[in-house]
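Residue numbers (the working numbering), protein chains in the order written: chain A, 135 to 804; chain B, 2 to 189. The structure appears right after this line, and notes come after that.
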């Protein structure tokens with residue numbers, strides 16, 4: 135910038151700049167979003183077959199097929215909920231539909247789901263690794279034998295500790311990693327399916343039986359019931375419930391929606407289609423192949439690493455099967471470990487959402503002094519996961535049983551809430567679950583109703599058949615419910631004074647506006663000056679009209695310091711600035727468009743705008759109209775400050791003042 | 002923040018030297034023209050007002066002077082408009098220049114006067130700022146003249162940097178002032 139040095143005394147120049155480095159303001163494509171969700175949801179393919187078979191016998195693949203087909207319906211429920219709430223998920227949707235008390239119960243169930251995701255994934259990864267190592271040790275003339283359960287506990291603790299540390303340090307596992315893992319998983323799936331089909335063609339094995347054969351564990355509290363009663367629809371329902379965790383991970387879809395780029399809903403539907411297709415093929419195919427290809431008497435040996443067993447029982451040379459098993463285990467360990475991270479991140483996000491509503495004591499929300507992360511929440515999640523890993527002693531079946539409680543009840547709460555919102559807030563849904571019948575002035579949600587009916591039936595059935603899930607799930611849900619109830623009481627007094635939610639923002643101080651340039655990568659730049667948190671229409675209009683693929687939108691808020699006091703004031707944002715940027719984040723998320731927020735300290739807002747616009751090379755400066763001085767004076771002041779700064783831009787710069795009613799005044803500044 | 006896992010990894014790119022304009026501003030001239038300040042001033046329009054005047058009085062003095070010398074007629078509506086604008090937000094800049102101005106109906110062209118305040122005058126609204134030069138002007142209140150009006154505001158504040166103000170205070174003779182302004186505009 136070719137600036138002429140200005141006078142020191144009485145200077146209006148900006149001397150301090152704060153860049154908000156909040157990660158929320160970057161948005162991802164539907165491919166990346168799908169990869170992130172798949173890292174969680176597709177990982178279940180590695181353990182759901184074994185868990186379901188232990189409960190319902192060799193008929194398990196049919197029920198997994200049913201559950202994976204039904205996952206499309208549950209996904210539709212999540213899409214409808216996301217079409218109403220950008221920051222959705224079970225907690226938000228249930229809160230709006232059924233109120234705070236039920237929302238607290240639902241979020242407790244959801245936390246159980248997320249806490250369990252980590253242990254089941256990491257322990258399962260440990261089982262796959264132990265199985266592989268024990269399989270290859272004899273060929274390497276190594277006389278070791280790893281006790282799979284003990285090894286998987288140690289491995290799971292190590293993985294959890296790794297991701298706990300990464301999350302505390304705020305080291306972001308980029309969505310690139312998720313995409314890379316899913317590429318590997320894609321290759322694995324293609325090979326597995328085609329090699330499996332060829333093996334079936336060669337061996338002509340029988341299809342799995344349709345009739346479930348419940349184990350003692352599989353019946354839970356119903357053990358001892360007349361077996362004749364377990365035939366027919368009740369048996370199908372009970373067996374269906376045992377395969378339900380095959381579609382765990384859908385909550386991640388709601389969590390990731392806020393980070394999805396525009397057009398958000400369209401991208402969400404594309405992501406959902408990818409997720410469904412992939413999971414349906416992979417999870418179902420691996421379950422069928424396991425039962426069809428691995429002999430019944432051998433299958434128990436592979437029950438905790440069933441996909442590895444499939445690899446070993448494919449048709450082909452031994453060395454190739456061992457190599458493929460190695461690939462299966464490597465990919466499985468990666469995707470399952472990724473699911474551990476997703477669980478920590480997701481649980482932290484849910485806790486943040488709960489904390490935003492004052493349901494968690496603000497002690498939990500304090501950011502790490504060095505890394506700026508919500509470290510206390512991360513500690514809590516990691517500790518609970520570590521405790522679960524130790525308590526389960528490496529038993530994947532036990533974990534799977536317990537895990538199903540959180541998964542099922544999260545879906546039930548979500549389904550019931552979306553159904554209630556059809557009647558409570560009609561017309562707010564941008565997209566509806568299909569199957570709606572018009573009856574006069576009413577629209578009857580038959581499709582949604584059927585989905586909710588299935589979910590509730592499975593949830594109730596699982597209460598009886600999954601002893602561990604019922605006991606652990608109810609105990610955890612109750613304990614977490616009490617925790618948030620106590621936290622809410624402690625927060626109540628403070629919340630009365632401070633009703634608005636404020637985003638915890640990470641700040642980076644710079645000595646000049648140019649320090650923020652690292653954040654800007656697009657060829658075109660628009661600067662939006664915001665002043666009043668109650669009057670944010672300007673940003674919404676700019677985001678509507680701007681192609682953020684080509685344009686950086688810089689949101690500038692100038693904190694006015696009267697006199698010459700310009701230094702040492704940027705350690706924290708004042709409440710108004712916090713509220714303003716909380717709303718900036720919300721608007722950016724609603725549009726799915728990236729913004730770069732800046733706070734400058736200046737005693738003249740016109741100077742702040744001009745200096746920031748010059749420093750970032752803005753093509754356009756946009757302001758909301760000031761009712762006090764008027765648009766003409768606003769533009770004049772920017773023109774005066776622009777000139778006083780002595781900058782001669784080599785491109786036209788436009789100033790635009792917007793009115794809430796759509797009027798606008800534009801002028802060429804240069 | 003909490004959902005860092007979901008953050009899109011942005012590969013570092015080389016810094017972008019200058020953004021390319023995509024849409025020309027509405028009402029902008031096809032080619033950007035710089036508005037010269039020097040030709041707006043004659044030697045009789047460079048004055049040193051009496052000392053001891055407050056800012057409003059100083060503006061009043063300059064308005065009367067300009068209306069008389071540029072044959073603008075009754076100064077009262079001009080003064081009222083300028084003071085109304087000053088009451089909104091002061092036009093005093095941290096360079097020591099004040100730019101009181103108004104857009105007037107029926108005015109054919111821009112009229113300007115430069116007042117030099119060697120002793121300095123504290124701005125009543127921003128007491129840390131000292132006014133050392135006053136560039137007062139009126140421009141036509143027409144939509145098509147607004148861009149020119151803005152360019153004049155920007156041009157004046159660009160031109161009157163502390164070094165030039167210092168120079169004209171040192172040698173406030175109108176001929177020298179006009180020469181200094183023209184030299185500066187010519188890039189000398």
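Beta carbons are placed, not taken as given, at the ideal position from N, Cα and C, and that holds for glycine.
Asked                                                                                                                       : Found
Residue interval of the alpha helix (DSSP H) (run including residue 156(B))                                                 : 147–160
Buried versus exposed, by CB contacts within 10 Å (16 or more), residue 668(A)                                              : exposed
Pair within 8 Å by beta-carbon distance, residue 249(A) and residue 531(A)                                                  : no
Cβ of residue 60(B) within 8 Å of any chain A Cβ                                                                            : no
Residue 383(A), buried or exposed, once every other Cβ within 10 Å from all chains shown has been counted against 16        : buried
Residue 140(B), DSSP secondary structure in three states                                                                    : strand
Under 8 Å between C-beta atoms of residue 790(A) and residue 798(A)                                                         : yes
Cutoff 8 Å: residue 90(B) Cβ touching any chain A Cβ                                                                        : yes
Assigned secondary structure, residue 397(A) (DSSP; H/G/I helix, E/B strand, else coil)                                     : coil
Span separating the alpha-carbon of residue 457(A) from that of residue 196(A)                                              : 29 Å
Member of 744(A), 666(A), 741(A) whose CA lies at the smallest distance from the CA of residue 710(A)                       : 666(A)
CB of residue 367(A) within 8 Å of CB of residue 494(A), strictly                                                           : no
Residues near residue 675(A) by beta carbon distance below 7 Å, same chain, minus five either side                          : 792
Integer Cβ distance of residue 544(A) from residue 243(A), believed to fall under 8 Å                                       : 6 Å
Delimiting residues of the beta strand (DSSP E) encompassing residue 733(A)                                                 : 729–736
In chain order, each beta strand (DSSP E) run of at least 3 residues that lies wholly inside the segment 313–380 of chain A : none
Enclosing beta strand (DSSP E) for residue 570(A) [first to last residue]                                                   : 570–573
Any C-beta of chain B under 8 Å from that of residue 765(A)                                                                 : no
Given 8 Å, three or more beta-carbon pairs between the segment 345–358 of chain A and the segment 596–608 of chain A        : yes
Any non-hydrogen atom of the ligand GTP within 7 Å of residue 233(A) CB                                                     : Absence of the ligand GTP from the depicted structure is noted, as is the absence of any ligand whatsoever, leaving it without description.
Three or more C-beta pairs below 8 Å linking the segment 44–51 of chain B and the segment 66–73 of chain B                  : yes
Beta strand (DSSP E) segment containing residue 801(A), residue limits                                                      : 798–802
Rounded C-alpha distance that separates residue 466(A) from residue 170(A)                                                  : 15 Å
Identity of the residue in 781(A), 802(A), 387(A), 609(A) nearest residue 406(A) by Cα                                      : 387(A)
Alpha carbon of residue 37(B) to alpha carbon of residue 777(A), nearest angstrom                                           : 14 Å
Residue closest to residue 664(A), alpha-carbon to alpha-carbon, out of 755(A), 269(A), 191(A), 582(A)                      : 755(A)
Contact under 8 Å by Cβ, residue 610(A) with residue 441(A)                                                                 : no
Counterpart residues of residue 788(A) in DSSP-defined beta bridges                                                         : 754(A), 802(A)
Cutoff 8 Å: residue 155(B) Cβ touching any chain A Cβ                                                                       : yes
Contact set for residue 118(B): own chain, Cβ-Cβ below 6 Å, skip 5 residues either direction                                : 132, 133
Presumed contact (8 Å Cβ cut-off) between residue 285(A) and residue 264(A), rounded CB distance                            : 4 Å
Own chain partners of residue 198(A) with C-beta closer than 7 Å, once the 5 adjacent residues on each side are dropped     : 182, 183, 186, 377, 380, 417, 418, 421
Coil, strand or helix - residue 794(A) by DSSP                                                                              : coil
C-beta contact flag for residue 757(A) and residue 672(A) at 8 Å                                                            : yes
Exposure of residue 328(A), with buried meaning 16 or more beta-carbon neighbours within 10 Å                               : exposed
Reduced DSSP category for residue 109(B) - H, G, I as helix; E, B as strand; rest coil                                      : coil
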